Amino acid sequence: MLILALIVLGMFVGWMAQLLLGGSTRQVDWTMALVAGIGGSFVGGLIASLVAGDGLAIKPSGLIGSFVGALIVTVVWQAVSKKKA
Numbered sequence: 788m789l790i791l792a793l794i795v796l797g798m799f800v801g802w803m804a805q806l807l808l809g810g811s812t813r814q815v816d817w818t819m820a821l822v823a824g825i826g827g828s829f830v831g832g833l834i835a836s837l838v839a840g841d842g843l844a845i846k847p848s849g850l851i852g853s854f855v856g857a858l859i860v861t862v863v864w865q866a867v868s869k870k871k872a
């Protein structure tokens, strides 16, 4: 059940990152949302939690780090997609 919750939370964070960067005029790329959310949550959330001294507990610093990490992954994904097109 925890894994399912992490996947859903990751997709939500990735969706929020896409909304912030792309606005509501684009369709949501759920593959990008999943990758950005989970990858950004893992890297950004882990780094922010450890820097803030929260450990691996779910705290606001980890959630903010997750969102920032998802934003970074989304920006990189969009840049690579534009280069290929």
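Here my numbering is used: the first residue of the sequence shown is 788, the next is one more, and so on.
Here a beta-carbon is modelled for each residue, glycine too, at the ideal position from N, C-alpha and C.
These numbers were taken from a predicted model, which means no experiment stands behind them.
- Task: Could you name each continuous alpha helix (DSSP H) segment of 4 residues or more that falls completely within the segment 805-835, going from the start of the chain to the end?
- Result: 817-827
- 8 Å CB neighbourhood of Ile794 in its chain, flanking five on each side removed: On the sequence shown, residue 794 is found 7 positions in, with the first residue counted as 1. Closer than 8 Å at the Cβ level, and outside the excluded window around Ile794, lie Leu821, Ile825.
- Message: One question on the structure: do Thr861 and Met798 come within less than 9 Å of each other, judged by their Cβ atoms?
- Response: Taking the sequence shown and counting its residues from 1, one reaches residue 861 at position 74. Taking the sequence shown and counting its residues from 1, one reaches residue 798 at position 11. The Cβ atoms of Thr861 and Met798 lie no closer than 9 Å to each other.
- Task: If I'm right that Ala804 touches Ala823 with Cβ under 8 Å, what's the distance once you round it to whole angstroms?
- Result: The count along the sequence shown starts at 1 and reaches residue 804 at position 17. The count along the sequence shown starts at 1 and reaches residue 823 at position 36. Right, the Cβ-Cβ distance comes to about 6 Å (below 8 Å), so this counts as a contact.
- Task: Closer than 6 Å by C-beta to Leu850: which residues in its own chain qualify, once you throw out the five before and the five after it? Chain order, please.
- Result: Along the sequence shown, one-based indexing puts residue 850 at 63. No residues qualify anywhere along the chain.
- Span separating the alpha-carbon of Ser853 from that of Pro847: Here residue 853 is taken as the residue at index 66 of the sequence shown, counted from 1. Here residue 847 is taken as the residue at index 60 of the sequence shown, counted from 1. Straight-line Cα distance between these residues: approximately 10 Å.
- Among Lys869, Met788, Gly801, which has the Cα closest to the Cα of Asp816? The residue given as residue 816 occupies position 29 in the sequence shown. Per the C-alpha coordinates, the member of Lys869, Met788, Gly801 positioned closest to Asp816 is Gly801.
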